[in-house]
Amino acid sequence: MHLSKRLETCLRYTEGFQRLADIGTDHAMLPIEAVLRGHVVSALAIDNKFGPFLQARTNVKKYQMENRVKVVLGEGLDKVDAETDVVVISGLGGDSIATILENIKTQNIKRFVLQANNNAYKIRAILPKIGYRLLDELVLADQNVIYDVLVLEPGQSEMNELELEFGPINLRDKPHHFIQRLHSEIDHYKRILAQVTSTDRKELIQHKIDTLEAIVDDRK
Ligand SMILES: C[S@@+](CC[C@H](N)C(=O)[O-])C[C@H]1O[C@@H](n2cnc3c(N)ncnc32)[C@H](O)[C@@H]1O
143 MHLSKRLETC LRYTEGFQRL ADIGTDHAML PIEAVLRGHV VSALAIDNKF
193 GPFLQARTNV KKYQMENRVK VVLGEGLDKV DAETDVVVIS GLGGDSIATI
243 LENIKTQNIK RFVLQANNNA YKIRAILPKI GYRLLDELVL ADQNVIYDVL
293 VLEPGQSEMN ELELEFGPIN LRDKPHHFIQ RLHSEIDHYK RILAQVTSTD
343 RKELIQHKID TLEAIVDDRK
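For the sequence shown, the positions run 143 to 362 when my numbering is used.
Structural data, given as structure tokens:
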């Protein structure tokens, strides 16, 4: 089965666990593949909409995975059971992922693999509240779209404002696509700056540009 680079990256972090829950599973390709490759013993493929639920059920049947991948109609983490030790949430915005995480009910999840389409800082911001910390952080490009992947483990999280916004591991490692995204943001703010007339707004935007340029210039 061919998976996108984005899903392959998430899948890599599921290896060695017992039960995976894939929240917002849609086609259920990720949990099917995680079981087929032996990364986990069993999986829950969870979606809160009926169309994707049916699509997931069709695919699970097609790959004869009915005994190992259970398709569940459910909201966020609500239907995650106590046997689940790894959770993937991919293809959603950072806002939605943070809202889902705020409703954790089981204490047994050893790892979250979170692929955010945007606003990854919203996820970093709620880590102290939910008792998880960053284990890894990636910025990847798939078909010219840049995505964030955040991998969490139980623990206490402490980040300063810059780390919250950009990610402590991104700031440390300065990965290629992270820097590429900052360059686009700098260009974007420079275009806005050229059009703005209010002094206050000019200062604000210039401060933003200075912050971004400092991160880029400081590249190892
Ligand atoms: C864009 S698709 C992503 C599918 C797959 N995870 C991927 O990354 O390719 C998002 C899926 O999440 C489901 N979804 C959105 N919010 C959800 C929530 N709160 N709980 C469960 N599923 C959700 C949607 O119905 C949809 O099928």
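Cβ atoms here follow ideal geometry from the backbone N, Cα and C, with glycine treated the same way.
Apart from the five residues just before and just after residue i, which ones in its own chain have a Cβ nearer than 6 Å to its Cβ?
i	result
K252	D227
E157	H181
F159	V182, D227 and V228
K264	G236, D237 and A240
Y155	V255 and V293
L234	G166
To the nearest angstrom, report how far apart residue i and residue j are at their CA atoms.
i	j	result
H330	K350	11 Å
A185	L335	50 Å
F320	V281	6 Å
K344	R323	22 Å
R199	Q348	51 Å
P194	G216	11 Å
L306	Q206	43 Å
I313	L269	Sequence inspection shows Leu at residue 313; the Ile mentioned does not correspond to that position. About 18 Å.
S299	L178	34 Å
I242	Y274	14 Å
P317	P310	12 Å
E295	S340	45 Å
T248	D168	23 Å
R333	E303	25 Å
R161	I188	13 Å
D352	M143	45 Å
Can you round the beta-carbon distance between residue i and residue j to whole angstroms, since I take them to be within the 8 Å contact cut?
i	j	result
A163	V211	Contact doesn't hold; Cβ gap of about 11 Å is too wide.
N201	I174	6 Å
Could you check whether residue j and residue i sit closer than 7 Å to each other, using their CB atoms as the reference points?
i	j	result
A176	L153	yes
V123	K221	Residue numbering for the chain in the displayed model covers 143 to 362; residue 123 lies beyond these limits and cannot be assessed.
V287	L277	no
K147	D284	yes
D290	A262	yes
Nearest by alpha-carbon distance to residue i: which of the options is it?
i	options	result
L196	G166, A240 and G273	G166
E150	D359, S232 and K191	S232
N190	L178, I174, N201 and G218	G218
V230	K332, T248, Q257 and D315	Q257
E244	I174, I272 and L304	I272
E279	N260, S326, D315 and L346	D315
L172	N259, N302 and V255	V255
I328	G309, E303 and A356	A356
S326	F308, Q337 and L354	L354
N260	F192, R161, V338 and F308	F308
Skipping 5 residues on each side, what residues in its chain have a beta carbon closer than 8 Å to that of residue i?
i	result
N250	A224, E225, T226 and D227
V338	K344 and I347
I246	L219 and I272
F192	L215
D342	none
By Cβ distance, which residues of its chain are closer than 7 Å to residue i, with the 5 residues on each side in sequence left out?
i	result
M301	R266 and P310
G297	Y274 and R275
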